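Notes follow the structure.
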Amino acid sequence: MNEVVGRDDLLLLTLDTLRYDVAVRLVREGRLPNLAARLPGGMWEKRHAPGSFTYASHQAMFAGFLPTPAAPGPHPRLFAGRFAGSETTEGRTFVFDSPDLVSGLAAHGYRTVCVGGVGFFNKQGALGSVLPGLFQESHWEPEFSVASPTSFESQVARAERVVSELPVDQRLFLFLNVSALHQPNWFHLPGATREAGDSLATHAAALEYVDRHIGRLFAAMSSRRRCFAVVCSDHGTTYGEDGYTGHRLGHEAVWTVPYSHFFLEPSA
């Protein structure tokens, strides 16, 4: 990462609330052609979330604690704050001296931009301003929210605008929090109703919706130079398993998440 940082643009894309089992099944069934084409080996990596809900997980990720491989460690990290005694920092880790990765990248000349999604990024109160406040520039509109059936398209359009307005030589760190998977997601499945509510099927339909538009985001982020992309879930959620519904709880469906990182090469 010490070669990547300062050379490439960076993308952190969190597919908020995406379950690992759903993500894996849809790749296996050929229902995520655009994402599968980017995943190394065409497969998601199984990891453990750093938090059981959005705020906790993103605070950890912005401190350098991305989802951890679901196998005994220690596992060296891509990014880490300088911390005496860290067992997951190695020579290839990008180490920053600021309290968070966002300001650490800004100190290395990056323009840091947040395109928010769920309520913790809506800037409509003190709590919803903490995470976007880490960035030099942040964007949120009602059209980006969990209530919008076209949220991801709107978010991608804003990201495209951000990229187009930057000077060519300005490095970019773009963070985008995808809200489409989070409840309510019933409206992404044709024939589903508000009364019937959300389910694993509507969760999967929301991921298919994201896949249909994600190519635009990848194209924008690789339009100026090579981009290093991290694509992952921040936590999963439950739909009645063992009597649980939702997240911010200690269930396997919440703690197990899909993860991948890869390079987006600039188009010829």
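As numbered in full-length UniProt numbering, the sequence shown has no gaps in its residue numbers, which increase by one up to the final residue, 268.
Don't be surprised by glycine CBs; every beta carbon is placed ideally from N, CA and C.
Since this is a predicted model, take the numbers as computed values, not measurements.
Practice problem: Enumerate in chain order the residues of its own chain whose CB-to-CB distance from Glu153 is below 8 Å, with the five nearest sequence positions on each side excluded. | Solution: Locating residue 153 in the sequence shown gives position 153, counting from the first residue. Within the same chain, Glu153 has close Cβ partners His213.
Practice problem: Just mark Ser145 as buried or exposed, buried being the case when its beta carbon has 16 or more other beta carbons within 10 Å. | Solution: Translated into positions along the sequence shown, residue 145 becomes position 145. Buried: at least 16 other Cβ atoms inside 10 Å.
Practice problem: Assign Asp242 to buried or exposed, taking buried as 16 or more other Cβ atoms, counted over all protein chains shown, within 10 Å of its Cβ. | Solution: Start at 1 with the first residue of the sequence shown, and residue 242 comes out as number 242. Answer is exposed; the Cβ neighbour count stays below 16.
Quiz item: So is Thr245 buried or exposed if we call it buried at 16+ other beta carbons inside 10 Å?
Solution: Your numbering for residue 245 matches position 245 in the sequence shown. Under this definition Thr245 is an exposed residue.
Self-check item: Cut-off 8 Å between Cβ atoms - residues of its own chain near Asn122, not counting five sequence neighbours on either side
Solution: Taking the sequence shown and counting its residues from 1, one reaches residue 122 at position 122. Within the same chain, Asn122 has close Cβ partners Gly116, Gly128, Trp140 and Ser145.
Quiz item: At which residue ranges does the stretch 69 to 134 contain complete beta strand (DSSP E) runs of 3 or more residues, listed in the order of the chain?
Solution: 79 to 81, 94 to 96 and 111 to 115
Quiz item: Excluding five sequence neighbours on each side, which residues of the same chain lie with their C-beta closer than 6 Å to the C-beta of Leu11?
Solution: Numbered from 1 along the sequence shown, position 11 holds the residue referred to as residue 11. Correct list, in chain order: Leu174, Met221, Cys227 and Ala229.
Quiz prompt | CB of Gly236 within 8 Å of CB of Val257, strictly | solution = Along the sequence shown, one-based indexing puts residue 236 at 236. Along the sequence shown, one-based indexing puts residue 257 at 257. Yes, these two residues count as a Cβ contact at 8 Å.
Quiz item: Are three or more beta carbon pairs between the stretch 148 to 162 and the stretch 74 to 89 nearer than 8 Å?
Solution: Segments in contact, no.
Exercise. For the alpha helix (DSSP H) containing Glu208, list its first residue and its last residue.
Key: If you number the sequence shown from 1, residue 208 lands on position 208. Segment Leu200 to Met221, the alpha helix (DSSP H) holding Glu208.
Quiz item: Comparing alpha-carbon positions, which option in Ala201, His261, Leu172 and Gln155 lies nearest Arg216?
Solution: The count along the sequence shown starts at 1 and reaches residue 216 at position 216. Comparing Cα positions, the closest option is Gln155.
Quiz item: With contact counted as at least three CB pairs below 8 Å, one residue from each stretch, are the stretch 176 to 185 and the stretch 194 to 211 in contact?
Solution: Yes: at least three Cβ pairs fall under 8 Å.
Quiz item: In chain order, what residues of the same chain lie with their CB nearer than 7 Å to the CB of Phe53, ignoring the 5 residues before and after it?
Solution: The residue given as residue 53 occupies position 53 in the sequence shown. So the list reads His235, His247 and Arg248, once near-sequence residues are dropped.
Quiz item: Would Leu72 be called buried (16 or more neighbouring beta carbons within 10 Å of its own) or exposed?
Solution: Walking along the sequence shown from the start, residue 72 turns up at place 72. Going by the sequence as given, residue 72 is Pro instead of Leu. So Pro72 counts as exposed.
Self-check item: Of the listed residues Pro149, Gln170 and Leu131, nearest to Tyr55 (C-alpha basis)
Solution: Indexing the sequence shown from 1 puts residue 55 at position 55. Of Pro149, Gln170 and Leu131, the residue nearest in Cα terms is Leu131.
Quiz item: Per DSSP, His251 is paired with what?
Solution: Numbered from 1 along the sequence shown, position 251 holds the residue referred to as residue 251. Its beta-bridge partners do not exist; DSSP assigns none.
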